[in-house]
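Written below as structure tokens is the structure these notes are about.
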Amino acid sequence: LLGPNGAGKSTFIKCLLQQTAITSGKARLLGQEVGRFGREIRKRVGYNPEQDCHIPGMIGCEYVTYCAQLSGLPFEVARQRTHELLDYVGMGQERYRKIETYSTGMRQKIKLAQCLVHDPELVFLDEPTNGLDPKGQKLILDLIRSLWKDLGISFVLSSHLMHDVEYVCDHIIMIAHGTVLVNEDINTLVTKQKQCAEVSFFGTPERAIEVFSGLGWNPVLQPNGRVRVEHGSRNLEPLMEVLHKHSLHPIEILPNPNVLEELFVRSMAERQSVA
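Structure below.
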């Protein structure tokens with residue numbers, strides 16, 4: 216679920232979970248009409264909010280156990296599930312510390328554990344990598360990917376970070392100003408965009424730029440030193456053939472870099488021009 220800050224992503228999720236009143240329209244979640252089956256729906260979903268949601272004074276395992284009980288699990292089952300989930304998210308002995316002493320990464324992990332502890336059918340994740348360094352982001356994203364690969368749990372990820380979405384999701388919805396701009400499978404979107412690549416070379420790339428220009432591939436030297444080319448093919452074979460034919464030796468080739476970010480920026484611009 217993509218959109219700029221203030222687009223309504225978090226509000227949309229809260230409406231589905233009946234934390235915010237729906238002022239118009241209707242919605243169904245897991246086959247149930249939102250507004251009529253609130254408690255029943257919430258027992259079947261997990262929610263990882265953007266803001267911290269812990270209870271001051273509680274240690275990690277106590278808090279997750281309490282959340283499991285709120286979702287209807289008996290205490291013994293809740294406690295067992297809690298320790299399994301804390302192991303799964305890599306909390307180790309930190310489970311016995313008070314949550315207010317946790318780092319940002321630990322608090323994100325404990326939020327992830329509490330939204331999974333009751334074995335939900337669907338999980339809502341609202342900006343789960345906020346405030347994390349690159350290593351912490353990668354760790355949380357790997358855990359999110361494993362939800363459906365290892366546990367078979369579907370999830371909705373709300374974010375404005377294109378890399379996060381492209382790494383873990385297979386379908387995107389872009390919203391802005393209360394309007395759905397894009398609603399499509401990611402692979403389909405990538406295929407529809409101009410097929411391009413970024414190539415880095417040993418030494419200066421002037422000769423490569425000259426060769427690519429002669430082919431009409433619109434080469435552009437990027438600030439990072441890579442050459443961006445629009446090769447127009449569904450795979451990299453034509454590009455590799457050109458590199459081999461002209462004895463151009465690449466260090467790295469990145470296919471379709473930043474395609475979601477470019478689509479997002481273009482969709483926002485088109486929406487503003489219409490408005």
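Following the numbering used here from start to finish, the sequence shown increments by one per residue and tops out at 490. Glycine residues also receive a C-beta, built at the ideal position from the N, C-alpha and C atoms. Just so you know, these numbers come straight off a predicted model, no measurement behind them.
Could you tell me how far apart the beta carbons of residue i and residue j are, in whole angstroms, since I believe they sit closer than 8 angstroms?
i      : j      : result
His269 : Ile314 : 4 angstroms
His378 : Asn220 : With 8 angstroms as the limit, His378 and Asn220 do not qualify as a contact, their Cβ atoms being about 17 angstroms apart.
Arg441 : Glu413 : 4 angstroms
Val332 : Arg296 : 5 angstroms
Ile359 : Val395 : Rounded, the Cβ-Cβ distance is 23 angstroms, inconsistent with contact.
Gln233 : Gly253 : 5 angstroms
Between which two residues does the beta strand (DSSP E) containing residue i stretch?
i      : result
His386 : 386-391
Thr394 : 394-400
Phe339 : 337-341
Ile466 : 465-470
Give every residue of the same chain whose Cβ lies closer than 7 angstroms to the Cβ of residue i, excluding the five residues on either side of it in the sequence, and list them in chain order.
i      : result
Cys411 : Arg443, Val444, Glu445, His446, Asn471
Asp341 : Ser225, Ile228, Asn263, Pro264, Glu265, Ser373
Gln323 : Pro343, Leu347, Ile355
Leu362 : Val338, Ile368, Phe370
In terms of residues, what are the limits of the alpha helix (DSSP H) holding residue i?
i      : result
Pro453 : 452-460
Ser361 : 349-365
Tyr382 : 377-383
Glu315 : From DSSP, Glu315 is part of no alpha helix (DSSP H); its letter is neither H nor E.
Gly223 : Premise fails: Gly223 is in no alpha helix (DSSP H) and is neither H nor E.
Gly416 : The question names Gly, but residue 416 in the sequence shown is Phe. Not the alpha helix (DSSP H): Phe416 falls in the beta strand (DSSP E), residues 412-416.
Glu291 : 290-303
Which of the three DSSP states, helix, strand or coil, is assigned to residue i?
i      : result
Ser448 : coil
Ala236 : coil
Tyr278 : helix
Gln247 : strand
Glu373 : Note that residue 373 corresponds to Ser in the displayed sequence, not to Glu. If DSSP states are grouped into helix, strand and coil, Ser373 belongs with the strands.
Ala328 : helix
Phe252 : coil
Glu510 : For residue 510 there is no data in the structure shown, the boundaries of the chain being 216 and 490.
Leu217 : strand
Leu430 : coil
Arg443 : strand
Classify residue i: buried if its beta carbon has 16 or more other beta carbons within 10 angstroms, exposed otherwise.
i      : result
Lys326 : buried
Gly287 : exposed
Met455 : exposed
Which residues in the same chain as residue i place their Cβ atom closer than 6 angstroms to its Cβ, once the five residues preceding and following it in sequence are excluded?
i      : result
Cys230 : Ile237
Taking CB distances under 7 angstroms as the criterion, tell me whether residue i reaches chain D.
i      : result
Asp357 : Checking the listed chains, one finds no chain D in this structure; it contains a single protein chain.
Suppose the cutoff is 8 angstroms on Cβ atoms and the five residues either side in sequence are ignored; what does the same chain contact list for residue i look like?
i      : result
Asp267 : Arg322, Lys326
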